[in-house]
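Colleague: Below you'll find the structure I mean.
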Amino acid sequence: MSPAVDPLCSPIPRRPFDVGRVREDFPALHQRVQGKPLIYLDNAATTQKPRPVLEAIRRFYEQDCSNVHRGVHTLSQRATEAYERARETVRRFLNARSEEEIIFVRGTTEAINLVAHSFGRRYVRAGDEILISAMEHHSNIVPWQILCEETGARLRVAPINDDGELLLDEFERLLTARTRLVAITHLSNALGTIPPVREIIRLAHARGVPVLLDGAQAVAHVKVDVQELDCDFYAFSGHKLYGPTGIGVLYGKAEWLEAMPPYQGGGDMISSVTFEKTTYNRLPYKFEAGTPHIAGAIGLGAAIEYVATLGLDAIAAHERDLLIYATEAVSGIPGLRLIGTAREKASILSFTLEGIHPHDIGTILDHEGIAIRAGHHCAQPVMERFGVPATARVSFALYNTREEVDALVMALQKVREVFGL
Amino acid sequence: MNDLRDLYQEVLLDHSKRPRNFGVLADADHQAVGHNPLCGDKVVVYLRMDGDRIADIRFQGQGCAVSQASASMMTESVKGKTRAEAEALFKRFHELLTGTAGPETVSELGKLAIFAGVRKYPVRVKCATLAWHTLHAALARKAETVSTE
């Protein structure tokens, strides 16, 4: 096991965190929307991309464009090297033991579906149980429902309290001899809650139950060390981490991935094929059928390196300051109700305004050049839990500023004015 | 701010805050549920028909100001109208929102013309038409939930 505390800091020189300079790296931030400077606060949906990511993708298509793992020619070798270098970057980012534990997929959704399909097919039977929480995104609910429907297993849901915190006692009570897998978010997209994942994993492992963490939201805001967490699977998307859309990662402990059957069949995932018998390729290729999203993986590698040069600690500290500042600033707005007030939370401010539907808030804020998300955030059970049809959600990234929060508060006052409140 | 005022006119805000004909119609003989999965807006339209004429109409639902006001104003506009008249009004309303309505159509729409402001907000067109799609389904006696997606 590697003793490194910070898996990415060693080879990459850090630069001090200066939000003004950081913003210069993101071309999309420097535009006007509805005649106003863009204030982008919809980062939980997707983040903007820094120049090094855009350049890495462009370089691949302009210079190295070729397929991987099959050509003897120079371009194919360059493409293969760049693709596998990206895998090594991801491995370091997560501090996985080995590159064979890093599977490139389309995104978090595909990563979770891969586990539901492949782990599920191998280990889940009628009468078994899958345990999730009440604050999951639809992508960490529906794949398990499909699996349960197919196998006759049962989906159990650990409840949350009025602050949006997991009820750990209830969770523990729901862990039984029938539980085959725990699948839980590492940062709730609708509430901002960071559940006590270390405790969850400890409790599950004490009963021999593996744990999948949905890291779609967490990876850009929380330092992830899969060995230290000891999670069995970790899923995340590139595009919420300043990388391109269409690329994501499933980390899985090698012993699980070895035992699991392939997810999809096709090229690259085999070592030999005859009509009588096919031998599957070794890890991680067993789970990467077909030509992968090569440019996407390279872009994701560049995004991770970009984040590493700033340091997740510095990013997290900056975002924590923004969240505290914003929480305090909006608390003075009459009729504003925060949805999600967990003690452990990050980057997300979900709220309702009395008498004004979130959709109307979203339209009026857009008029001020402010992009937020309004809706159920693909977490309808969470909305139901809090008795609201939808919320307005502000979500921060490393490039947001206190001045933007001030503009948001002014604009929310304007929303109330439009509605005569 | 002008575009915004065009969208959120006083009449619209008034109807969204105090919707008319809101609630269950106990003796309804037609009804349909409309759903906008994008934002979770939901509308139920209840009708009591007298032959070919809409004798009474009520709606229930929750959603943004645009969808609630549109439902409220729709109920006022179609009450007492025949099936064909209501459908024709829906067609004109749709033309208004997609910017294909001529000046005559706009005058025929009466106070529904205030929804012209929605045109500048393409993602909000569905909010304004949800109740109308639901009315259409109720008139057609379609049992299933209609969706704007």
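So the sequence lines, in the order shown, correspond to chains A and B. My numbering puts the first residue of the first sequence at 1, with every later residue one more than the last. My numbering puts the first residue of the second sequence at 1, with every later residue one more than the last. Glycine included, C-beta positions come from ideal geometry on N, C-alpha and C. Remember, it's a predicted structure, so these values are computed and weren't measured experimentally.
(1) Would Leu421 (chain A) be called buried (16 or more neighbouring beta carbons within 10 Å of its own) or exposed?
(2) For the pair the region 346-356 of chain A and the region 385-404 of chain A, tell me if three or more CB-CB distances fall below 8 Å.
(3) Please classify Pro3 (chain A): does DSSP put it in a helix, a strand, or coil?
(4) Measuring CA to CA, which of B:Gln62, B:Arg141, B:Ala137, B:Tyr121 is closest to Gly99 (chain B)?
(5) In three-state DSSP terms, what is Met269 (chain A)?
(6) For Pro334 (chain A), count neighbouring C-beta atoms within 10 Å of its own C-beta (all shown protein chains included) and say buried if the count is 16 or more, exposed if not.
(7) Taking CB distances under 8 Å as the criterion, tell me whether Tyr46 (chain B) reaches chain A.
(8) Does the structure place the region 297-308 of chain A close enough to the region 236-256 of chain A that three or more beta carbon pairs sit under 8 Å?
(9) Rounding to the nearest angstrom, what Cα-Cα distance links Lys36 (chain A) and His367 (chain A) in this structure?
(10) Between Ile201 (chain A) and Leu167 (chain A), what straight-line distance do the alpha-carbon atoms span, to the nearest angstrom?
(11) Alpha carbon to alpha carbon, how far is Phe233 (chain A) from Ile54 (chain B)?
(12) Count the other CB atoms, across all protein chains shown, that sit within 10 Å of the CB of Pro422 (chain A); report buried if there are 16 or more and exposed otherwise.
(13) Please determine, among A:Phe419, A:Glu403, A:His376, A:Ala96, the residue with the shortest C-alpha to C-alpha distance to Asn36 (chain B).
(14) Where does Tyr263 (chain A) fall in DSSP's three states?
(15) Tell me the DSSP bridge mates of Gly117 (chain B)?
(16) With a threshold of 8 Å between beta carbons, is Pro389 (chain A) in contact with chain B?
(17) Between which two residues does the alpha helix (DSSP H) carrying Tyr83 (chain A) extend?
(18) Determine, using beta carbons only, whether Ser67 (chain B) and Leu130 (chain B) come nearer to each other than 8 Å.
(19) Can you confirm whether His377 (chain A), when its beta carbon is compared against all beta carbons of chain B, has any partner nearer than 8 Å?
(20) Per DSSP, which residues does Lys42 (chain B) bridge with? Please list them.
(21) Got a sec: which bits of the region 103-116 of chain B sit with their beta carbon under 9 Å from any beta carbon on chain A, in order along the chain?
(22) Arg124 (chain B) CB to nearest chain A CB: under 8 Å?
(23) For Thr363 (chain A) and chain B, any beta-carbon pair shorter than 8 Å?
(24) Helix, strand or coil for Phe351 (chain A)? Go by DSSP, reduced to three states.
(25) For the alpha helix (DSSP H) containing Ile201 (chain A), name the first residue and the last one.
(26) So which residues on chain A does Leu38 (chain B) lean against when the C-beta distance must stay under 8 Å?
(27) Drop a sphere of 10 angstroms on the beta-carbon of Val24 (chain B), count the other beta-carbons inside from all chains shown, and report buried for 16 or more, exposed for fewer.
(28) Where does His133 (chain B) sit, in a helix, a strand or coil, going by DSSP?
(29) Thinking C-alpha only, which one of B:Lys17, B:Ser16, B:Val45 is nearest Ala26 (chain B)?
(30) Which runs of the beta strand (DSSP E) fall wholly inside the region 302-370 of chain A and span at least 3 residues, in chain order?
(31) Going along chain A, which residues have a C-beta under 8 Å from Gly63 (chain B)?
(32) In whole angstroms, give me the CA-to-CA distance for Phe430 (chain A) and Gly266 (chain A).
(33) So for Thr401 (chain A), helix, strand or coil by DSSP?
(34) I'd like to know if the region 37-45 of chain A and the region 168-186 of chain A are in contact, where contact means that at least 3 CB-CB pairs between them fall below 8 Å.
(35) Is there at least one Cβ from chain A nearer than 8 Å to Leu4 (chain B)'s Cβ?
(36) Can you tell me which of A:Val405, A:Ala220, A:Gly164, A:Ser331 puts its alpha carbon nearest to the alpha carbon of Ala314 (chain A)?
Modeller: Well, looking at it:
(1) exposed
(2) yes
(3) For Pro3 (chain A), the predicted structure reports a pLDDT of 43, less than 50, and the residue's modelled location is therefore unreliable. A value from the coordinates is still provided. In this structure, Pro3 (chain A) counts as coil in the three-state DSSP scheme.
(4) B:Tyr121
(5) coil
(6) exposed
(7) no
(8) yes
(9) 8 Å
(10) 15 Å
(11) 58 Å
(12) In the structure as shown, chain A begins at 1 and stops at 421. Residue 422 (chain A) is therefore absent and cannot be evaluated.
(13) A:His376
(14) coil
(15) The partner list for Gly117 (chain B) (beta bridge, DSSP) is empty, contrary to what the question assumes.
(16) yes
(17) 74-94
(18) yes
(19) no
(20) B:His35, B:Gln62
(21) none
(22) yes
(23) yes
(24) strand
(25) 197-206
(26) Gly375
(27) exposed
(28) helix
(29) B:Val45
(30) 336-338, 348-353
(31) His357, His359, Pro389
(32) In the structure displayed, chain A extends from 1 to 421; residue 430 (chain A) sits before or after that span and is not available.
(33) coil
(34) no
(35) yes
(36) A:Ala220
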